[in-house]
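Chains A and B, in that order, are what the protein sequence lines are.
Position one of the first sequence corresponds to residue 1 (the working numbering), numbered consecutively onward.
Position one of the second sequence corresponds to residue 1 (the working numbering), numbered consecutively onward.
Contents: one structure, followed by commentary.
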Amino acid sequence: MAREIKADQITDSVKKLCIEANIYLEEPLKAAFHKFAGLEESGAGREVFHILEENAAIAEREKMPVCQDTGITIVFVKIGQDAHVIGGGIEDAINEGVRQGYKEGYLRKSVLSDPIERKNTNDNTPAVIYYEIVPGDALLIEVAPKGGGSENMSAIKMLKPSQGIEGVKEFVVDTVLKAGPNPCPPIIVGVGIGGTFEKAALLSKKAVLRPFGKSNPDEKKAALENELLVLINKTGIGPAGFGGRITAMQVNVETYPCHIASLPVAVNIQCHASRHKSVML
Amino acid sequence: MKRITAPLDAETIDDLEVGDEVLISGVIYTMRDAAHAKVVEIIKKNGKLPFDLQNQVIYYCGPTPTKEGNVIGSCGPTTSSRMDVFTPLLLEHGLKGMIGKGERSVAVKDAIEKYGAVYFSAMGGLGAEYARDVKKSDVIAFPELGPEAIYKMEIEDFYAVVINDAKGNDFFVINQYN
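Listed below in C-alpha cells is the structure:
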C-alpha cells in the first residue's frame, strides 16, 4: 500500500524551509567562520571572518536574511517509490510553498518569468526542482536558495581524457581565479567530474550542498578535495577578495562514471552564505 | 579607518587611496542592473533623471523587503561588473562614487581616473550587518522594479574598502597575497 502525503504538507514544509534556510546558517559553517578568523594571515581577512560571525548572529536575532540575495529557490526532492502525493500536484505544492515563504519571510523576489523579457514574477516562483525516485515511502525535500553572484562565476568544460587529473585541477583553480573577488569569498567549491555535460553540472550543484565539514567518503576523492583546497588558497584572493589565504573554506568533489571519450568537469561556486535546509515527510 | 561623507567632494576623493578602509555616512542611492539600463536610456534621450548625479554615490544593491517597524531589509552589495557597461556614461555625467563588490572593467577603471571618482567594495553577503548602518530609506524611482527600484538611503558608518582610486590604482592588482 502506498503511503499518502498531502500536497498541503509539502507546501507548508517548503514555506518553512525557504524562510529558515535564509535566516539560519548551519552550525558547522558558523563554527568555521570562528575558526578561520584565527587562522587567516591577512588583517582585513580576519576582520571579514569576524563580521561574518556577527552577521549570522544579527540575522538570527532579528529574523532577517543573512544576505539580501535570497536566491532562486532550488529544490531537491527524493520521492520514495511507495509514497503517493494526494490533494494536488507536487510541483504546484512546491511552488506555492516558495510563494508563501518568500512573502511571509520578507525574502527578496529575484526570479524573472523569462530570461529575455526579464519581468519579475514578484513571488520568486518558479523554483528549479529536481526529482529522484528512491526506495521506501518517505519524501525528502531539500531547499537551497542560491544567489546569483556566485552562480554566475560557475563554469563547465568538456576536457579530453588525456588531460586527466592535472587538467581537472587546472580548470578548477582557473575558474576560481577568474571569479576573483566577485562570488563573495570565502567560498565553497563544488566540483562535478564525469557523467555527461548536464550530469557534471548537477553533480557540482549536489557537491556544494553537502553538509559543511564533510569530506567525500572515498579516500582518493577526499585527498583530491584537500589538494584542490590548498591550490585554491594559494591564489591570495582572500575573504571578500580583500587579500588573504582563505579564499575557499571547502572543496567538495562528486564523481560519476563517464564515456570513454569524455572527461566533463563542472565547477559550481557557492558564496559563504551557503544555505540549505531539508525535511523528511 | 577614514570617515567620509557622501555625496563626495573633490577634497575627499583626492585623499582616498587604494586599500583605505572607510566609514561612509550621508546619502547614497541604490541602483542595480535594471535601474542602470533605465537611467542610461534617460541620459541618452536628454530626459530628467530621478536624482541629480552630481557628486553622488551609487550603491549596487537590491534589498530584501522592509519589515514593518524596520528601516530596511537585508542590504549587502551585488557584483559590480554587471554595471560596467553603463558606468562610464554615469561618471561622465557627474557620478563620483560607487559601492559594490568585485572587479571593474578596464573601461570603468579608466573612466574613474579620467573623471576623478572612486570605487569602493563593501563585504558581499553581509546583508543583515549592513542593514544596521541604514538610518532612513525611501524608494524614489522605478517602484515597479521591486528590489531593483532606486532607494535613497541615509547611512551612518557604512564600512567599505577603496578598490579603485582617482589616481588610477587598483587594490586587486596590488594585493600583496597574489
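We put the CB at the ideal spot given by N, CA and C, even for glycine.
Note that the structure is a prediction, hence the values are computed from the model and not measured.
(1) Comparing the C-beta of Val48/A with each C-beta of chain B, is any distance below 9 angstroms?
(2) Thinking Arg99/A and Gln68/A are a contact (beta carbons under 8 angstroms), I'd like their distance in whole angstroms, please.
(3) Indicate the three-state DSSP secondary structure (helix, strand or coil) for Arg300/A in the structure shown.
(4) Could you tell me which of Gly97/B, Asp170/B, Gly102/B sits nearest to Gln56/B, measuring between CA atoms?
(5) Compare the Cα-Cα distances from Met158/A to each of Ala266/A, Lys15/A, Ser274/A and report the closest residue.
(6) Can you tell me whether DSSP reads Gln100/A as helix, strand or coil?
(7) Do you know whose CA, among Ile13/B, Ile174/B, Lys101/B, lies nearest Gly125/B's CA?
(8) The ligand MG heavy atoms versus the CB of Pro126/A: any closer than 8 angstroms?
(9) Given that a residue counts as buried once 16 or more other Cβ atoms are within 10 Å of its Cβ, and exposed if not, what is Asn55/A?
(10) Here's the rule: buried if 16 or more other CB atoms are within 10 angstroms of the residue's CB, otherwise exposed. What is Arg104/B?
(11) Between Gly26/B and Thr5/B, how many whole angstroms is the CB-CB distance? I'm expecting something under 8 angstroms.
(12) Does Val161/B have its Cβ less than 9 angstroms from a Cβ in chain A?
(13) Measure from the C-beta of Asp69/A to each C-beta in chain B and report whether the shortest distance is under 9 angstroms.
(14) Going by C-alpha distance, which of Ile86/A, Gln163/A, Val14/A, Glu170/A is nearest Ala155/A?
(15) Along chain A, in chain order, which residues have C-beta atoms closer than 8 angstroms to that of Gly69/B?
(16) What beta strand (DSSP E) runs, 3 residues minimum, are completely inside the segment 181 to 236 of chain A?
(17) So if DSSP puts Pro145/A in a beta bridge, which residue, or which two residues, is it bridged to?
(18) What did DSSP end up calling Ser13/A once you bin it into helix, strand or coil?
(19) Could you check if Met280/A is buried or exposed, using at least 16 other CB atoms within 10 Å of its CB as the buried criterion?
(20) Report the residues of the segment 146 to 177 of chain B with a CB closer than 7 angstroms to any CB of chain A, ordered along the chain.
(21) Could you pull the DSSP bridge partners for Ile156/A from this structure?
(22) At a Cβ threshold of 9 angstroms, is Pro65/B touching chain A?
(23) Residues of the segment 91 to 117 of chain B in Cβ contact with chain A at a cutoff of 8 angstroms, in chain order, please.
(24) For Lys101/B, write down the residues that DSSP places opposite it in a beta bridge.
(25) Check this for me: beta carbons of Leu17/A and Val173/A, under 9 angstroms apart or not?
(26) In this structure, does DSSP put Tyr130/B in helix, strand or coil?
(27) Have a look at the DSSP bridge pairing and note the partners of Met280/A.
(28) Where do the ends of the beta strand (DSSP E) carrying Phe120/B lie?
(29) With distance defined between alpha-carbon atoms, name the residue in Ala44/A, Glu27/A, Ile188/A nearest to Asn268/A.
(30) Starting from the C-beta of Gln9/A, find all residues in its chain whose C-beta is less than 7 angstroms away, skip the five residues before and the five after it, and write them out in chain order.
(31) Report all residues from its chain with a CB closer than 6 angstroms to the CB of Gly147/A; omit the five preceding and five following residues, and keep chain order.
(32) Assuming Pro239/A and Val48/A are in contact, meaning their beta carbons sit under 8 angstroms apart, how far apart are those beta carbons, in whole angstroms?
(33) Give me the Cα-Cα distance between Glu113/B and Leu90/B, rounded to the nearest whole angstrom.
(34) For the segment 244 to 259 of chain A and the segment 115 to 126 of chain A, state whether three or more C-beta atom pairs, one from each stretch, are separated by less than 8 angstroms.
(35) Can you look up Asp157/B in the DSSP assignment and give me helix, strand or coil?
(36) Rounded to whole angstroms, how far is the Cβ of Asp82/A from the Cβ of Asp137/A, which I believe are closer than 8 angstroms?
Walking through what the data contain:
(1) For Val48/A, a Cβ of chain B is located within less than 9 angstroms of the residue's own Cβ.
(2) Rounded, the Cβ-Cβ distance is 19 angstroms, inconsistent with contact.
(3) Only positions 1 to 281 of chain A appear in this structure, which leaves residue 300/A out of reach.
(4) Comparing Cα-Cα distances from Gln56/B to each of Gly97/B, Asp170/B, Gly102/B, the minimum goes to Gly97/B.
(5) Ala266/A
(6) helix
(7) Lys101/B
(8) What this structure holds is no ligand at all, so the ligand MG is not there to describe.
(9) Buried, because 16 or more other Cβ atoms sit within 10 Å of the Cβ of Asn55/A.
(10) buried
(11) 4 angstroms
(12) yes
(13) Judged by the 9 angstroms Cβ criterion, Asp69/A is in contact with chain B.
(14) Checking every option, the nearest Cα to that of Ala155/A belongs to Glu170/A.
(15) Neighbours of Gly69/B across chain A, judged by C-beta separation under 8 angstroms, do not exist; the nearest C-beta is about 11 angstroms away.
(16) The qualifying runs are 187 to 195.
(17) Partner(s): Thr73/A.
(18) helix
(19) exposed
(20) Gly146, Pro147, Val161, Phe172, Asn175, Gln176, Tyr177
(21) Ala266/A
(22) yes
(23) Lys101, Gly102, Glu103
(24) Thr79/B
(25) no
(26) helix
(27) Leu140/A
(28) 118 to 121
(29) Ile188/A
(30) Leu281
(31) Asp69, Gly71, Cys271
(32) 4 angstroms
(33) 14 angstroms
(34) They do not touch, by the three-pair rule.
(35) strand
(36) 4 angstroms
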